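Asker: Input: one structure, supplied below.
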Amino acid sequence: MAYASYTRGFKPGGSNLTFGREDVVSPIVVLPIFEEETIDAYEVGLKTDLADGRVRVNGAAFFYTYDNLQYQVPIRRYFRAELATFLSQKSWALN
Numbered sequence: 234m235a236y237a238s239y240t241r242g243f244k245p246g247g248s249n250l251t252f253g254r255e256d257v258v259s260p261i262v263v264l265p266i267f268e269e270e271t272i273d274a275y276e277v278g279l280k281t282d283l284a285d286g287r288v289r290v291n292g293a294a295f296f297y298t299y300d301n302l303q304y305q306v307p308i309r310r311y312f313r314a315e316l317a318t319f320l321s322q323k324s325w326a327l328n
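Mapping of the sequence shown onto this note's numbering: residues 234 to 328, in sequence order.
Okay, here's the thing in C-alpha cells:
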C-alpha cells in the first residue's frame, strides 16, 4: 500500500504577560505579542508484505514547513520562560 497525505495546522498567537519586565504591575504595560504558528505537513510512505507475509517493510518520508514557529526562551534570571517565534522553519525526516 502506498499513501500520501497533506495537513495544515496552526497554534494561535498571543502575548507574553511579563516578557522582559521585572515587575508585572507597571503604570504603562506594553505586552509583546507572538504570532500565530502555521504548519504545512507532507508525508509519503509505503507499507508492504514480502515472502508470503513473513517479511513486512514500512517506510515513510516527512516534510514540514513552519511559519512563525513558536518556541520557549528560558529567562534564567527570573526562572521562567517566554514564547517567541521564528519567521520560517523547514524540517524533514525518513522513517
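Note that CB positions come from ideal geometry on N, CA and C, so glycine has one too.
Given the structure is predicted, the values throughout are model-derived calculations rather than measurements.
Do the CB positions of Glu276 and Asn301 come within less than 7 angstroms of each other?
Answerer: Here residue 276 corresponds to residue number 43 of the sequence shown, with the count starting at 1. Here residue 301 corresponds to residue number 68 of the sequence shown, with the count starting at 1. Cβ distance not < 7 angstroms, so Glu276 and Asn301 don't count as in contact.
Asker: With H, G and I counted as helix, E and B as strand and the rest as coil, what does DSSP make of Arg309?
Answerer: The residue you call residue 309 lines up with position 76 of the sequence shown. Looking at Arg309 - three-state DSSP - the assignment turns out to be helix.
Asker: Please state the DSSP three-state secondary structure of Gly246.
Answerer: On the sequence shown, residue 246 is found 13 positions in, with the first residue counted as 1. In this structure, Gly246 counts as coil in the three-state DSSP scheme.
Asker: For Met234, I'd like the list of residues in its chain whose CB is within less than 6 angstroms of its CB, leaving aside the five on either flank, ordered along the chain.
Answerer: The residue given as residue 234 occupies position 1 in the sequence shown. So the list reads Lys280, once near-sequence residues are dropped.
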